[in-house]
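Asker:
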Amino acid sequence: MNRRRFHPNHRRTKPILPINDTENPVSISQEIFDECEKLKQKILSLTNGKSDIWIYRQELLDQYEQLILFDLDYAIEKKIEHDLWTIVFKNEISYKQEQLKENNQHQVKRAEIQTSLQNFYEYARGYYMKLLQNVVHSYNFENSICKLTFSLSQKRNQHSNHNRSCKEASMLYFIQHILVHVGDLNRYSNQIDLAKTFYQYAIQTIPCLGQPYNQIAILHEMKNPLSLLTPGQNQLITTYYYIRSIAIKVTFPLAISNLEKLFIRLKDIPITRYEQQPQNDFLTLFLQIIAMINLETNLNDIHIFINLFRMIIIKNFNQVNFIQMITIIMFTLHRTLDLLPRSSSSKKPELQYDIILDLFIIIIEQCLEAIQVPLSMMIIDEQHILPILYLSFAYLSNIQKHKNDLFEHNVFKQKQIMWNSLAKLLRSFGVYASNLNITKGILVTNL
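Our numbering puts the first residue of the sequence shown at -2, with every later residue one more than the last.
Given below as structure tokens:
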């Protein structure tokens, strides 16, 4: 591809002109949008690979940028940010990625396409970072995430003279949108760590939107030869972030189908795999049980997997893993109570509920056993298990609002040792508090 197409200095469209104060901003926004729609339809009528399609895309790029810098609220309302990514960038990327997959490509031709694609990624990244800087400066907006991506102390550009204003929600949404797609571009270039950094910036910008969590899950689902994580750890993190993308204020719909596809790949692993080296596949075993529950597959035989899990969990305690496992269990339990979205309704909700509750209690029991409470009753929590237990029982207390008979379930009635361990732990808190007060009293007396 000709490098000229990737350079913004060769566009046909006119530069953005100052807007007369007497002009009606709404009519101007509508006029720019109408021009965008004409160009959009023209591009959609062309076949990818046509020599002039990128020229039209650059014209559309200029028009979109003009509208974004003039009236961001209107641009967001018209979903300009989505069309900018899809029509100008993603369609071109998808076309070239498909070309690379064709088996009949000559090696030299394949290398040319790969180079062209990498150049395009670089151009798109540069464009988005420049657009982010222009938008933030134009609307005189300051944000901690922007300070991490570029210096706001730079001289304001020409657009800032317009003294534009927009809703804070529009600005934050647009910033997150850009950060997500810069992360995507880094992911396409196999810059995994950099991609994750931008996705995390996007989460910090608006934590309640699901898309960046989904993108992090995709990162961990990719085969990364440089990763120090085991396959089971990557599967656990992938599941965890898909769940974060779903169990959130604004669910990212694709995460639901992505999670289901992951579960489908896990559900039919034979039990013999775990009998060889169960410690190495501990997390995969856990996720297979979760997949079987969510997909309602082989629920009558699932006890075989759960019994194996019960035997090997003792040797596999890891705080971070357990927190993610507890989160995944909470998600599944919520689903059995129809409190979270799923692709289809459950046919055996009560059986699912019984199984996931049993799995939950197995982990709680292991956490209680791992905490050392000596005769002195001074608790020793070297593995930082207390936060996991607090999270678990706080969640169960909250679930009781939806399931009044929760603690009447047989799984709780059969766990006398668990309740005794919990009672001993709670008594140790009282001993610790008393000793703390005595120590404070001695210190005050000595003063």
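Heads up, the beta-carbon is just placed ideally off N, CA and C, and yes, glycines get one too. It should be emphasised that the depicted structure is a prediction, and the values quoted were computed from it without experimental measurement.
Going by C-alpha distance, which of Thr235, Ile352 and Ile310 is nearest Thr294?
Answerer: The count along the sequence shown starts at 1 and reaches residue 294 at position 297. The option with the nearest alpha carbon to Thr294 is Ile352.
Asker: Write down the C-beta distance between Thr329 and Ile361 rounded to the nearest angstrom, noting that I regard them as a contact closer than 8 Å.
Answerer: Looking up residue 329 in the sequence shown gives position 332. Looking up residue 361 in the sequence shown gives position 364. About 15 Å; that fails the 8 Å criterion.
Asker: In this structure, how does DSSP classify Leu206 when only helix, strand and coil are distinguished?
Answerer: Within the sequence shown, the letter at position 209 stands for residue 206. Strand.
Asker: Determine the closest residue to Val467 out of Pro209, Ser342 and Thr281, with distance taken between C-alpha atoms.
Answerer: The displayed coordinates of the chain run from -2 to 444. Any statement about residue 467 would go beyond what the structure contains.
Asker: Answer yes or no: do Asp70 and Ser167 have a C-beta to C-beta separation smaller than 8 Å?
Answerer: As a working note, residue 70 is residue 73 in the sequence shown. As a working note, residue 167 is residue 170 in the sequence shown. Their beta carbons are under 8 Å apart, which means Asp70 touches Ser167 by this criterion.
Asker: Residues in the same chain with beta-carbon distance under 6 Å from Arg153, minus the five sequence neighbours each way, listed in chain order, please.
Answerer: Your numbering for residue 153 matches position 156 in the sequence shown. Residue confidence is low: Arg153 scores 47 on pLDDT, short of 50, so the model does not pin down where it sits. No coordinate-derived value is stated.
Asker: Can you name the residues that DSSP bridges to Val247?
Answerer: Sequence index remark: in the sequence shown, residue 247 carries index 250 (1-based). Leu206.
Asker: Going along the chain, which residues of its own chain have a beta-carbon closer than 6 Å to the beta-carbon of Ile175, five neighbours each way excluded?
Answerer: As a first step, residue 175 must be located in the sequence shown, where it is residue number 178. Correct list, in chain order: Tyr125 and Leu129.
Asker: Return the first residue and the last residue of the alpha helix (DSSP H) that Ile299 is part of.
Answerer: As a working mapping, residue 299 is identified with position 302 in the sequence shown. Where Ile299 is concerned, the enclosing alpha helix (DSSP H) stretches over Ile299 to Ile309.
Asker: Distance check for Lys410 and Gln197, CA to CA, integer angstroms please.
Answerer: For the purposes of this step, residue 197 is taken as the residue at position 200 of the sequence shown. For the purposes of this step, residue 410 is taken as the residue at position 413 of the sequence shown. Straight-line Cα distance between these residues: approximately 43 Å.
Asker: Could you tell me whether the segment 87 to 95 touches the segment 114 to 122, using the rule of 3 or more Cβ pairs below 8 Å?
Answerer: Judged by Cβ distances under 8 Å, the segment 87 to 95 makes contact with the segment 114 to 122, as three or more pairs qualify.
Asker: Quick check on Ile200: buried or exposed, where buried means 16 or more other Cβ atoms within 10 Å of its Cβ?
Answerer: Taking the sequence shown and counting its residues from 1, one reaches residue 200 at position 203. Buried.
Asker: Suppose the cutoff is 6 Å on Cβ atoms and the five residues either side in sequence are ignored; what does the same chain contact list for Leu296 look like?
Answerer: Locating residue 296 in the sequence shown gives position 299, counting from the first residue. If we look at Leu296 and ignore the five residues flanking it on each side, its Cβ neighbours are Leu348.
Asker: Taking buried to mean at least 16 other C-beta atoms within 10 Å of its own C-beta, is Gly207 buried or exposed?
Answerer: One-based indexing of the sequence shown puts residue 207 at position 210. Buried, since its Cβ has 16 or more Cβ neighbours within 10 Å.
Asker: If you reduce the DSSP assignment to three classes, tell me which class Phe426 lands in.
Answerer: Here residue 426 corresponds to residue number 429 of the sequence shown, with the count starting at 1. The answer is helix: DSSP assigns Phe426 an H, G or I state.
Asker: With burial defined as no fewer than 16 other Cβ atoms inside 10 Å of the residue's Cβ, what is the status of His217: buried or exposed?
Answerer: Numbered from 1 along the sequence shown, position 220 holds the residue referred to as residue 217. Result: buried.
Asker: Hey, how far is the Cα of Ile320 from the Cα of Ile385?
Answerer: Residue numbering aside, residue 320 sits at position 323 when the sequence shown is read from its first letter. Residue numbering aside, residue 385 sits at position 388 when the sequence shown is read from its first letter. Cα-Cα distance, rounded: 6 Å.
Asker: Only counting the same chain, and skipping five residues up and downstream in sequence, which positions put a Cβ closer than 7 Å to that of Gly229?
Answerer: Residue numbering aside, residue 229 sits at position 232 when the sequence shown is read from its first letter. Closer than 7 Å at Cβ, skipping near neighbours: Asp278, Phe279, Leu280 and Thr281.
Asker: Of all the options Ile189, His79, Asp355 and Ile110, which has the alpha carbon lying nearest to the alpha carbon of Gln173?
Answerer: Within the sequence shown, the letter at position 176 stands for residue 173. Nearest of Ile189, His79, Asp355 and Ile110 to Gln173, Cα basis: His79.
Asker: What is the DSSP secondary structure of Ile293, counted as helix, strand or coil?
Answerer: Taking the first residue of the sequence shown as position 1, residue 293 is located at position 296. The sequence given here places Glu at residue 293; Ile does not occur at that position. Coil, per DSSP.
Asker: Using 10 angstroms around the beta-carbon of Asp161, count the other beta-carbons present and answer buried if the total reaches 16, otherwise exposed.
Answerer: Taking the first residue of the sequence shown as position 1, residue 161 is located at position 164. Just to set this straight, residue 161 is Arg in the shown sequence, not Asp. Result: buried.
Asker: Is the distance from the Cβ of Tyr392 to the Cβ of Met322 below 8 Å?
Answerer: Along the sequence shown, read from residue 1 onward, the residue named residue 392 stands at position 395. Along the sequence shown, read from residue 1 onward, the residue named residue 322 stands at position 325. Contact flag unset, no.
Asker: Do the segment 297 to 309 and the segment 240 to 258 meet, that is, are 3 or more Cβ pairs less than 8 Å apart?
Answerer: Flag = no, the segment 297 to 309 and the segment 240 to 258 do not touch.
Asker: Please name the residue, chosen from Lys76, Leu41, Tyr61 and Ile50, that lies closest to Glu28 on a Cα-to-Cα basis.
Answerer: Translated into the one-based positions of the sequence shown, residue 28 becomes position 31. Cα-wise, what sits closest to Glu28 is Tyr61.
Asker: Quick check on DSSP: helix, strand or coil for Ile323?
Answerer: Within the sequence shown, residue 323 is the residue found at index 326, counting from 1. If DSSP states are grouped into helix, strand and coil, Ile323 belongs with the helices.
Asker: Looking only at its chain, what residues have a beta carbon closer than 6 Å to the beta carbon of Leu256, apart from the 5 residues adjacent to it on each side?
Answerer: Indexing the sequence shown from 1 puts residue 256 at position 259. Closer than 6 Å at Cβ, skipping near neighbours: Tyr239.
Asker: Just to confirm the assignment, what range does the alpha helix (DSSP H) spanning Asp355 have?
Answerer: Position 358 of the sequence shown, counting from 1, holds the residue named residue 355. Unbroken alpha helix (DSSP H) run through Asp355: Pro346 to Ala367.
Asker: Leaving out five residues before and five after Gln94 in sequence, what residues of the same chain have Cβ atoms less than 6 Å from its Cβ?
Answerer: On the sequence shown, residue 94 is found 97 positions in, with the first residue counted as 1. No residues qualify anywhere along the chain.
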